[in-house]
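> Those protein sequence lines, which keep their order, are chains A and B. Under our numbering, the first residue of the first sequence is numbered 35, with each subsequent residue one higher. Under our numbering, the first residue of the second sequence is numbered 79, with each subsequent residue one higher. Provided herewith is a single structure, encoded as structure tokens, for subsequent inquiry.
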Amino acid sequence: MPIRRTEGIVLRSYPFRDTSKIVVLYSPKFGKLGLLAKGARRPKSIFGGSLEPITYVKVTFYRRENRELHTLSQAEVVEPFREVKEDIDLLGYASAACELVLKLTPPESPNPSLFRSLSHVLREMGRRRKGEVLLWWFELRAAEALGYRPEFGRCVLCGGPLEGASFGFSAEAGGVLCPRCASDGDVPLSPGAVRLLLRLQTLPASRAARLSISGPTGEQARGALRALLSYRTEKKELRALDFLHKVAHGP
Amino acid sequence: MDALERLISEFAKLPGIGRKTAQRLTFFLLKEDGERASSLAEAILALKERIRYCSVCFNITEEDPCPICRDPRRDHSTICVVEESGDLMVIERLGVYKGVYHVLGGVLSPLDGVGPEDLHIRELLERLKEGVREVILATNPTVEGEATALYLSRLIRPLGIRVSQIARGIPMGGDIELADEITLTRAFEGRREVEG
């Protein structure tokens, strides 16, 4: 079993047998990795808190060829994203970003650009204390990194300019549709909502965090992103978004 | 399905038991006398028939309310909040805690979609109306456990009730040199004055 080293972000971890844990790590070098951390649940485990979800770590593991689960040997915390974990809403949005990567990426298929966007969004969520707008930013970056960047600059069907008072968004078509190409089933978008989505797509996370997403413009953009996500995840809703909804309504 | 295959398949449905172990358990019972098999079957049935959840604290019990909630010698003004009944049992074994408990039935978990309404939080808030002075949060030191503690603390503090949390940090017999950044940070934050 060759020994390998990589950095990565813990997407999730869950108990395995009496004292171990299975960790799903997203790394720039190997993509989504399954790692078995033996004894990680024991109080004196050398892994300590390093294998908790939403933690940037450096790991050493034994790679087992043609296996889905490799054996973790060491883990060292690089960035704990503590601010994110100390705010229940930020935790929900950060978890949604991790869940997106869990659901949209195949095992062991590296995508350094997606990794960079994930680490960036988690860092910025903590720094700027903004959750939803940065999750939207990440959804668009993830779409680009995974090869289905939606088009917001012109009509995705006819290629014409976006002129008029109302447009449509079709996840299946892959972007915004001009009034002539839009149909009833599309998500309605105002010119303001298209501009907001375009800015989210092009601005760095630090500047995207300052964008206002309240009011009807934000609601329409939210609808378009929800449609995109639903289409790409085959209508599997993100559990973290359900969690945020439940937290907002209280016990 | 014959009796042998049926038992193997039932054992294999249990957590941590694969088909080979299920087969070994089945053949073990086959070789034993009938009394052992009857005793096992009775124990399983009794578990399902007699065990229920305490209507006050949600601990597992044979009598409702559970013996802890009924005990007048316990301090009913202090509630220790735990994730599962198993945690309660471990704390009870220590014999150092004399208050009562509240079992949440899990933790808030974004990735599993578990929110406040899925836990016994509303019932905890109801109990707090009955002269409770302190709530001790004894959730696990995981992201989910900490988020649950944080959430409960924000709900309970405005009620004027003291909220404390069991200590986090270096385990007894552990080594600072081997501790990770997260654990060590929590240990420093949770430091306390040395008496003596």
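Every residue, glycine too, gets a C-beta built ideally from N, C-alpha and C.
Counting only C-beta atoms, is A:Ile80 closer than 8 Å to chain B at any point?
Yes - at least one Cβ of chain B is within 8 Å of the one on A:Ile80.
> What's the call for A:Thr236, buried or exposed, on a 16-neighbour Cβ count within 10 Å?
So A:Thr236 counts as exposed.
> Assuming contact is defined by CB atoms lying nearer than 8 Å, are A:Lys55 and A:Pro144 in contact in what I supplied?
Not in contact: A:Lys55 and A:Pro144 (Cβ atoms no closer than 8 Å).
> Do B:Val159 and B:Ala216 have their C-beta atoms within less than 8 Å of each other?
A contact, by the Cβ cut-off of 8 Å.
> Once the 5 residues before and after A:Glu113 are set aside, which same chain residues still bring their CB inside 6 Å of it?
Excluding residues within five positions, the ones whose Cβ falls inside 6 Å are Tyr90.
> For a contact meaning CB atoms closer than 9 Å, what does A:Asp123 contact in chain B?
What A:Asp123 touches in chain B: nothing, since even the nearest Cβ is about 10 Å away.
> Could you give the residue range of the beta strand (DSSP E) that holds B:Thr156?
Residues 153 to 160.
> If contacts are defined as beta-carbon pairs under 8 Å, then A:Glu102 and A:Gly68 qualify, I think. What distance do you get, rounded to the angstrom?
Yes, A:Glu102 and A:Gly68 are in contact; Cβ-Cβ is about 5 Å, under 8 Å.
> Measuring CB to CB, does A:Phe172 end up less than 8 Å from A:Ala258?
Contact flag unset, no.
> Below 7 Å between beta carbons is the criterion; list the residues of the segment 245 to 272 of chain B that meet it against any residue of chain A, in chain order.
Result list: Pro249, Gly251, Gly252, Leu256, Ala257, Asp258, Glu259, Ile260, Thr261.
> Kindly identify the DSSP beta-bridge partner or partners of A:Thr236.
None; A:Thr236 has no bridge partner.
> Pair every Cβ in the segment 91 to 111 of chain A with every Cβ in the segment 223 to 231 of chain B, then say whether three or more of these pairs are closer than 8 Å.
No contact exists between the segment 91 to 111 of chain A and the segment 223 to 231 of chain B.
> With a CB to CB cut of under 7 Å and the five nearest residues on each side skipped, what residues in its chain are close to B:Asp165?
Counting only Cβ-Cβ distances below 7 Å, and skipping sequence neighbours, we find Ala216.
> May I ask you to report which of helix, strand or coil DSSP gives B:Ser231?
Helix, per DSSP.
> Distance cutoff 8 Å, beta carbons only. Does B:Arg171 sit that close to anything in chain A?
No, its Cβ sits nowhere closer than 8 Å to a Cβ of chain A.
> Any idea if B:Glu222 is buried or exposed, counting beta-carbon neighbours within 10 angstroms, 16 or more meaning buried?
Flag for B:Glu222 reads buried.
> Buried or exposed: which applies to B:Leu69, given that a residue is buried once 16 or more other Cβ atoms fall within 10 Å of its Cβ?
Chain B is shown from 79 up to 274; residue 69 of chain B falls before or after that span and cannot be answered.
> What separation, rounded to the nearest whole angstrom, lies between the Cα atoms of B:Glu271 and A:Ser84?
Roughly 28 Å separates the two Cα atoms.
> Going by Cα to Cα distance, which pick from B:Glu273, B:Pro249, B:Gly274 is closest to B:Leu262?
Ranking the options by Cα distance to B:Leu262, first place goes to B:Pro249.
> Thinking C-beta only, is B:Leu182 closer than 8 Å to B:Ile169?
In this structure, B:Leu182 does not lie closer than 8 Å to B:Ile169 by Cβ.
> Taking the continuous alpha helix (DSSP H) assigned at B:Ile169, which residues delimit it?
163 to 172 is the span of the alpha helix (DSSP H), which, as asked, contains B:Ile169.
> Mind checking who A:Leu69 pairs with in its DSSP beta bridge?
Looking at the DSSP assignment, A:Leu69 forms a beta bridge with A:Val57, A:His104.
> Does the beta carbon of A:Pro77 sit closer than 8 Å to a beta carbon anywhere in chain B?
Judged by the 8 Å Cβ criterion, A:Pro77 is in contact with chain B.
> Taking 8 Å as the cut-off, does the segment 119 to 137 of chain A touch the segment 146 to 158 of chain A (at least 3 CB pairs, one atom from each stretch)?
The segment 146 to 158 of chain A vs the segment 119 to 137 of chain A: in contact.
> Does the segment 184 to 194 of chain B come within contact of the segment 274 to 284 of chain A, defined as at least 3 CB pairs closer than 8 Å?
As far as the Cβ criterion goes, the segment 184 to 194 of chain B touches the segment 274 to 284 of chain A, which means the pair count is three or higher.
> What three-state label does DSSP hand A:Thr89 in the structure shown?
If DSSP states are grouped into helix, strand and coil, A:Thr89 belongs with coil.
> Where does A:Ala199 fall in DSSP's three states?
It is coil, neither helix nor strand.
> Looking at C-alpha atoms only, which residue of A:Ala261, A:Leu262, A:Gln108 is the closest neighbour of A:Ala71?
The option with the nearest alpha carbon to A:Ala71 is A:Gln108.
> Looking at the secondary structure, which residues open and close the alpha helix (DSSP H) in which B:Ile199 lies?
Unbroken alpha helix (DSSP H) run through B:Ile199: 199 to 205.
> Can you list the residues of chain B that A:Arg46 reaches, using a CB-CB cut of under 7 Å?
The contacting residues are Leu189.
> Mind pulling the chain A residues with CB within less than 8 Å of B:Pro219?
Result: Gly83.
> What separation, rounded to the nearest whole angstrom, lies between the Cα atoms of B:Arg171 and A:Ser240?
Each residue's Cα considered, the two are about 51 Å apart.
> Is A:Phe149 buried or exposed, if buried means 16 or more other CB atoms sit within 10 Å of its CB?
Buried, because 16 or more other Cβ atoms sit within 10 Å of the Cβ of A:Phe149.
> Cα separation between A:Glu185 and A:Ala216?
Their backbone Cα atoms lie some 14 Å apart in a straight line.
> By the 10 Å Cβ neighbour count, where 16 or more other Cβ atoms means buried, how is B:His180 classified, buried or exposed?
B:His180 is buried by the Cβ-count criterion.
> Can you give the Cα-Cα distance for B:Tyr131 and B:Cys147, rounded to whole angstroms?
Whole-angstrom Cα-Cα distance: 12 Å.
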